[in-house]
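Undergrad: Numbering (the numbering used here), first residue to last: 1 to 259.
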Ligand SMILES: [Zn+2]
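1) Using the Cα positions of residue 107 and residue 91, report the straight-line distance between them to the nearest angstrom.
2) In the DSSP assignment, what are the bridge partners of residue 113?
3) Let me check you understand the geometry: is the CB of residue 73 closer than 7 Å to at least one non-hydrogen atom of ligand 1?
4) Which residue's Cα is closest to the Cα of residue 62: 44, 228, 240 and 12?
5) Which residues share a DSSP beta bridge with residue 253?
6) According to DSSP, what are the bridge partners of residue 72?
7) Where does residue 3 fall in DSSP's three states?
8) Between which residues of its own chain and residue 114 is the CB-CB distance below 7 Å, once the five residues before and five after are set aside?
9) Across the stretch 85 to 101 and the stretch 188 to 203, are there enough close Cβ pairs to call them in contact, namely three or more that are closer than 8 Å?
10) Are the beta-carbon atoms belonging to residue 152 and residue 180 less than 8 Å from one another?
11) Give the DSSP-derived three-state secondary structure of residue 13 in the structure shown.
12) Measuring only the C-alpha atoms, how far is residue 193 from residue 185?
13) Would you tell me roughly how many angstroms separate the C-alpha atoms of residue 101 and residue 245, rounded to the nearest one?
14) Between the C-alpha atoms of residue 220 and residue 13, what's the straight-line distance to the nearest angstrom?
15) Figure out for me which residue from 65, 135 and 169 has the closest Cα to the Cα of residue 81.
16) Would you report the Cα separation of residue 112 and residue 217, rounded to the nearest angstrom?
17) Cβ of residue 76 versus every heavy atom of ligand 1: is any distance shorter than 7 Å?
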């Protein structure tokens, strides 16, 4: 927010950051919904977002890459232009003279190749190795938290013994038991958060992505552009497009959906 009077603005205004500039900080407060529920919502929202390209004459999505490919030079979504004389379609940056375009079918082939490579990477476990150290750290924390829970339970048992032996009065017992119960509840919540984080970065996630990629690869050919677009969006969050000139090769930097 830019406040009234700041930067010489008489009314104040808001600047919307692009999603990749938003700072996300993990674990500042106890989660109000589970990570899974949150991701599910995000995925539903994304799957419903309207492609940023113009629809065809009958309101049909004609560009299978609609809303997916982003120009790495200016950050705008690349759009499809159909040439009736050439009978081909080109993926173009809408900013004039920004970046050389590419034939849409070549772009599709390249993207599918990247999907195949990603699938291969997951299946051979290369993607897993990068997550191993983070996973080991989390597992250490889980062990420490489990130990903590055991120790709190022991203390609680002792409390009952002291009550039975009439060392503690009912009042003292209640008071101390309440403190321990609160600690126990809090520690169990911590454990749940840690386990959610482990799920996040462990195989389950990669496996889900692998299954979705397989589904895309099996159904892509022969699907309508609209369906192709929907399929790609189940696995690809965005694809940055690079090409120096019309005579140089092009490349994509694909960000996969974080499931
Ligand atoms: Zn551009």
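C-beta: ideal position from N, C-alpha, C; glycine also.
TA: This is what the structure holds:
1) Walking along the chain shown from the start, residue 107 turns up at place 107. Walking along the chain shown from the start, residue 91 turns up at place 91. Whole-angstrom Cα-Cα distance: 8 Å.
2) As a first step, residue 113 is located in the chain shown; it is residue number 113 there, counting from the start. None, per the DSSP bridge assignment.
3) Within the chain shown, residue 73 is the residue found at index 73, counting from 1. Within the cutoff, so yes.
4) Residue 62 sits at position 62 when you count from the first residue of the chain shown. Among 44, 228, 240 and 12, the Cα nearest to that of residue 62 is on 228.
5) In the chain shown, the residue the question calls residue 253 occupies position 253. Paired residues: 240.
6) Mapped onto the chain shown, residue 72 falls at position 72. Looking at the DSSP assignment, residue 72 forms no beta bridge with any residue, so it has no partner.
7) Counted from its first residue, the chain shown places residue 3 at position 3. Looking at residue 3 - three-state DSSP - the assignment turns out to be coil, as it is neither helix nor strand.
8) Taking the first residue of the chain shown as position 1, residue 114 is located at position 114. Cβ within range, chain order: 252 and 254.
9) no
10) Here residue 152 refers to the residue found at position 152 of the chain shown. Here residue 180 refers to the residue found at position 180 of the chain shown. In contact: residue 152 and residue 180 (Cβ atoms closer than 8 Å).
11) Position 13 of the chain shown, counted from the first residue, corresponds to residue 13. Residue 13 falls in the strand class under three-state DSSP.
12) As a first step, residue 193 is located in the chain shown; it is residue number 193 there, counting from the start. As a first step, residue 185 is located in the chain shown; it is residue number 185 there, counting from the start. Rounded to whole angstroms, residue 193 to residue 185 spans 13 Å at the Cα level.
13) As a first step, residue 101 is located in the chain shown; it is residue number 101 there, counting from the start. As a first step, residue 245 is located in the chain shown; it is residue number 245 there, counting from the start. Near 9 Å, if we compare the C-alpha coordinates of residue 245 and residue 101.
14) In the chain shown, the residue the question calls residue 220 occupies position 220. In the chain shown, the residue the question calls residue 13 occupies position 13. Roughly 44 Å separates the two Cα atoms.
15) Here residue 81 is taken as the residue at index 81 of the chain shown, counted from 1. The candidate whose alpha carbon is nearest that of residue 81 is 65.
16) To locate residue 112, count along the chain shown from 1; it is residue 112. To locate residue 217, count along the chain shown from 1; it is residue 217. Roughly 7 Å separates the two Cα atoms.
17) Here residue 76 refers to the residue found at position 76 when the chain shown is read from its first residue. Answer for residue 76: yes, Cβ within range of ligand 1.
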